[in-house]
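Engineer: Using my numbering, read the sequence shown as starting at 2 and increasing by one per residue. By construction, the Cβ of each residue, glycine as well, lies at the ideal position given by its N, Cα and C atoms. Here it is, the structure, as structure tokens.
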Amino acid sequence: MSSHTVIKQVTKSTFTPSLLRELKSHIDACDFVSLSSIKTFSATSASSWRRRLLPFDTAETAYLKAKLAAESFQILNVSICPFRVDGSKVVAFPYNFHLFPREEQSYSFSCQASYLESLARKGFDFNLCIYEGISYLSRVQESLAKRRNASHLDFKVFSKSRKSVADSLFMERIKARIQYWRKSCLNSNKSPHGDLANSLRQLILGTQLHGERPCMTIDVCSDNQLNLILETVNGISDSLVPLVVRNSLGTPTSVRVVFTSSEEDKSALLSDIDHAEEEQNFNLRGFREVMDLISNSQKPIVSINCLNDFAFFHEKFIAPLPPSLHEFTCSLKMVFPKILDLGHLMKEIGPLKNAMDTSSSLNLEVPFQADRDGGQSNQGRNALKIISLFVKLNYLHICNNIEGYFNIFHPTACMELESVGCQDDTNTYLTHQEDIAKLGVHNLVFLWGFNAASSLQLKDKLRKYHPIFHENFDLKVIDRNCAAIAFQRQGAVVELLKEIKPRSSSIENMISDGVIIAGFGAYEKVCRMGLWDGRLADSLQTVVLSDNTNSPLLAEKSTEICWDNEVMLDQNEYLKV
Numbered sequence: 002m003s004s005h006t007v008i009k010q011v012t013k014s015t016f017t018p019s020l021l022r023e024l025k026s027h028i029d030a031c032d033f034v035s036l037s038s039i040k041t042f043s044a045t046s047a048s049s050w051r052r053r054l055l056p057f058d059t060a061e062t063a064y065l066k067a068k069l070a071a072e073s074f075q076i077l078n079v080s081i082c083p084f085r086v087d088g089s090k091v092v093a094f095p096y097n098f099h100l101f102p103r104e105e106q107s108y109s110f111s112c113q114a115s116y117l118e119s120l121a122r123k124g125f126d127f128n129l130c131i132y133e134g135i136s137y138l139s140r141v142q143e144s145l146a147k148r149r150n151a152s153h154l155d156f157k158v159f160s161k162s163r164k165s166v167a168d169s170l171f172m173e174r175i176k177a178r179i180q181y182w183r184k185s186c187l188n189s190n191k192s193p194h195g196d197l198a199n200s201l202r203q204l205i206l207g208t209q210l211h212g213e214r215p216c217m218t219i220d221v222c223s224d225n226q227l228n229l230i231l232e233t234v235n236g237i238s239d240s241l242v243p244l245v246v247r248n249s250l251g252t253p254t255s256v257r258v259v260f261t262s263s264e265e266d267k268s269a270l271l272s273d274i275d276h277a278e279e280e281q282n283f284n285l286r287g288f289r290e291v292m293d294l295i296s297n298s299q300k301p302i303v304s305i306n307c308l309n310d311f312a313f314f315h316e317k318f319i320a321p322l323p324p325s326l327h328e329f330t331c332s333l334k335m336v337f338p339k340i341l342d343l344g345h346l347m348k349e350i351g352p353l354k355n356a357m358d359t360s361s362s363l364n365l366e367v368p369f370q371a372d373r374d375g376g377q378s379n380q381g382r383n384a385l386k387i388i389s390l391f392v393k394l395n396y397l398h399i400c401n402n403i404e405g406y407f408n409i410f411h412p413t414a415c416m417e418l419e420s421v422g423c424q425d426d427t428n429t430y431l432t433h434q435e436d437i438a439k440l441g442v443h444n445l446v447f448l449w450g451f452n453a454a455s456s457l458q459l460k461d462k463l464r465k466y467h468p469i470f471h472e473n474f475d476l477k478v479i480d481r482n483c484a485a486i487a488f489q490r491q492g493a494v495v496e497l498l499k500e501i502k503p504r505s506s507s508i509e510n511m512i513s514d515g516v517i518i519a520g521f522g523a524y525e526k527v528c529r530m531g532l533w534d535g536r537l538a539d540s541l542q543t544v545v546l547s548d549n550t551n552s553p554l555l556a557e558k559s560t561e562i563c564w565d566n567e568v569m570l571d572q573n574e575y576l577k578v
């Protein structure tokens, strides 16, 4: 696939209904939609334990981290590429949408400085993003905005069977005022006193213009007054159209009564109002129109690192994220019913070395069909890289039973597509999957309070503390004084933790040196309680001190994790596009 492939760059000035119609036709003509995004942070390059996916994270703890990131950081652009695979040819329509929030009255987000610096070195156009980025509202935000900025014509009039004396007097006064004004509008063209006299007359009566039509404004002080005015206007003449005027908070402040000269004129006015509101709603929804197109198409979405990306998509374009992974997946499935995470698919390919050797020589023609926008920007290639990987997996016949892989959000080793080079190390990544061991969380303990310069030094110290550390175990240092230990033997963790509370003689030296051990349940509580600030050791210590059950803080459920024996953070995979 050529590095000069044209990718349609979409900004605020080019984001139009006609572009959406074009995108819809491309989605309808394809079988899949590739989706990727660039944000103001990267899970793989983050240094803090709370930002990155660790080898012991379960689906639930990984979701809580993704939720924290989605609530804190911002999406800068979204790459969308509808595509279909026709034998050895891939037909694709790549788009790259530049985003920037603009509609909210007060909006702030966090940035990861080191990651933004790396984006800048690779040519990311921040000026284009900020000045020409497309704004958006989530479905929940749009609902609230529509409530504040309700249609001029959607106020329901409730006619009371019995009105108070004050209400009746108010209606009579308003009725007399409107009738006198309407009569002057009807007679304005028949007046023998000339234009100057007519202008003075309209000025005295408070006549204004709504477009080219005469109108008058009546201030309101309450919903009751608003209801009475609308009821009065509707009872005078069909030629009058009442429009409710609201302030920035959505509170009605006045009624604008517009005079129409005929039924045709009234129909034209209502049509103009509908068109203006459609345009306002289009600008209000912004980029979410694109996500709604994908949702309505029901086409399978192909992506990678889906748990992280779709947590952002849910937070920004649907609604605030729910507190648990189960609620998240249920909510997301209602909008995007078919999501395929290639990261999960790649976990299934460990033993397919011969097939990988064959796929490495695969040379597919990919005629991307997109209009040139006149610029040389090549941003948005991540969606194409995903397609490249998908085609290779498809060649390996992994995707024959593709329905069985939809909507699986298990955490997998993060693939940082922005760091992709020009060489093809896809097979290296696939082979690496064999180095990932599957363990249960009951095989894990957390250790902190030690003083060791390296993992080897820490292992030597542990062997002096307790005989169980002479068994086969793996150790990963998370930060300066916190580590995770994975035992190979089932039951080893339970045996060790049972000796902690009574402080057996075999573990007394470790405790007296300030070294503390807790089960995986302590880490689960840290994530659920949102103890993200500071070092992991401090958060684990808070959980241990607050536990009054004298329990060993084991995991609540026996969940399987993928313990990566080779690397801890970034695989630094490469895909050629």
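Are the CB atoms of valine 242 and isoleucine 219 nearer to each other than 8 Å?
Structural biologist: no
Engineer: Would you be able to state if there are at least three C-beta pairs under 8 Å between the region 386-397 and the region 135-148?
Structural biologist: no
Engineer: For proline 215, which residues does DSSP report across the bridge?
Structural biologist: The bridge partners DSSP lists for proline 215 are Leu210.
Engineer: How do the region 270-281 and the region 295-308 stand: do at least 3 beta-carbon pairs fall below 8 Å, yes or no?
Structural biologist: no
Engineer: For alanine 484, which residues of its own chain have a beta-carbon under 6 Å away from its beta-carbon, when the five flanking residues on both sides are left out?
Structural biologist: Leu448, Leu476 and Val478
Engineer: Residues in its own chain within less than 7 Å of phenylalanine 159 by CB, not counting five upstream and five downstream?
Structural biologist: Asn228
Engineer: Check whether the Cβ atoms of histidine 27 and phenylalanine 94 lie closer than 8 Å to each other.
Structural biologist: Contact: yes.
Engineer: Does the beta-carbon of serine 523 have 16 or more other beta-carbons within 10 angstroms, so that it is buried, or is it exposed?
Structural biologist: Note that residue 523 is alanine in the sequence shown, not serine. Burial call: buried.
Engineer: In this structure, does DSSP put cysteine 222 in helix, strand or coil?
Structural biologist: coil
Engineer: Rounded to whole angstroms, how far is the Cβ of proline 412 from the Cβ of alanine 60, which I believe are closer than 8 Å?
Structural biologist: 6 Å
Engineer: Starting from asparagine 383, trace the alpha helix (DSSP H) in both directions and tell me its first and last residue.
Structural biologist: 383-396
Engineer: Between the Cα of arginine 183 and those of Val234, Asp539 and Asp461, spot the shortest distance and give me the residue it belongs to.
Structural biologist: Taking only the C-alpha atoms, the option nearest arginine 183 is Val234.
Engineer: Over what stretch of residues does the beta strand (DSSP E) that includes valine 590 continue unbroken?
Structural biologist: Outside the shown range of the chain (2 to 578) lies residue 590, about which nothing can therefore be said.
Engineer: Decide if the region 22-42 is in contact with the region 69-88; the criterion is three or more beta carbon pairs, one per stretch, under 8 Å apart.
Structural biologist: yes
Engineer: Quick one, are the C-beta atoms of aspartate 539 and tryptophan 50 less than 8 Å apart?
Structural biologist: no
Engineer: So what's phenylalanine 110 in DSSP terms, helix, strand or just coil?
Structural biologist: Of the three classes helix, strand and coil, the one that applies to phenylalanine 110 here is coil, per DSSP.
Engineer: For glutamate 561, write down the residues that DSSP places opposite it in a beta bridge.
Structural biologist: Gly441
Engineer: For a test of the three-state rule: what should DSSP assign to glycine 134, helix, strand or coil?
Structural biologist: coil
Engineer: Using alpha carbons as the reference points, say which of Thr17, Arg149, Arg490 and Ile295 lies closest to isoleucine 340.
Structural biologist: Ile295
Engineer: Anyone know if the C-beta pair for tryptophan 564 and alanine 487 falls short of 8 Å?
Structural biologist: yes
Engineer: Name the residue from Phe57, Ile501, Arg247 and Ile230 whose alpha carbon lies nearest to the alpha carbon of leucine 170.
Structural biologist: Checking every option, the nearest Cα to that of leucine 170 belongs to Ile230.
Engineer: Buried or exposed, going by whether 16 or more other CB atoms sit within 10 Å of the CB of methionine 335?
Structural biologist: exposed
Engineer: Would you kindly work out how many angstroms separate the C-alpha atoms of leucine 117 and glycine 124, rounded to a whole number?
Structural biologist: When rounded, the distance between both Cα atoms is 11 Å.
Engineer: Hey, would you say leucine 77 sits closer than 8 Å to leucine 54, going by beta carbons?
Structural biologist: no
Engineer: Check phenylalanine 101 in the structure and name its three-state DSSP category.
Structural biologist: It is coil, neither helix nor strand.
Engineer: Going by the CB atoms, is the gap between valine 303 and leucine 333 shorter than 8 Å?
Structural biologist: no
Engineer: Below 8 Å, can you find three or more Cβ-Cβ pairs linking the region 30-40 to the region 279-286?
Structural biologist: No contact exists between the region 30-40 and the region 279-286.
Engineer: Who are the Cβ neighbours of phenylalanine 110 in its own chain at under 8 Å, not counting the five residues just before and after it?
Structural biologist: Thr41, Ser73, Phe74, Gln75 and Pro102
Engineer: Please name the residue in Gly535, Cys222 and Lys267 whose C-alpha comes closest to that of histidine 211.
Structural biologist: Histidine 211 has its Cα closest to that of Lys267, out of Gly535, Cys222 and Lys267.
Engineer: My understanding is that valine 259 touches cysteine 216, with C-beta atoms under 8 Å, so please give their C-beta distance in whole angstroms.
Structural biologist: 4 Å
Engineer: Does DSSP put threonine 543 in a helix, in a strand, or in coil?
Structural biologist: helix
Engineer: Going straight from the alpha carbon of glutamine 380 to that of aspartate 534, what length do you get?
Structural biologist: 34 Å
Engineer: Over what stretch of residues does the alpha helix (DSSP H) that includes phenylalanine 314 continue unbroken?
Structural biologist: Residues 307-318.
Engineer: So, do the region 310-317 and the region 163-177 have three or more beta carbon pairs nearer to each other than 8 Å?
Structural biologist: no
Engineer: Express the C-alpha separation of cysteine 82 and valine 516 in angstroms, rounding to a whole number.
Structural biologist: Roughly 52 Å between the two C-alpha positions.
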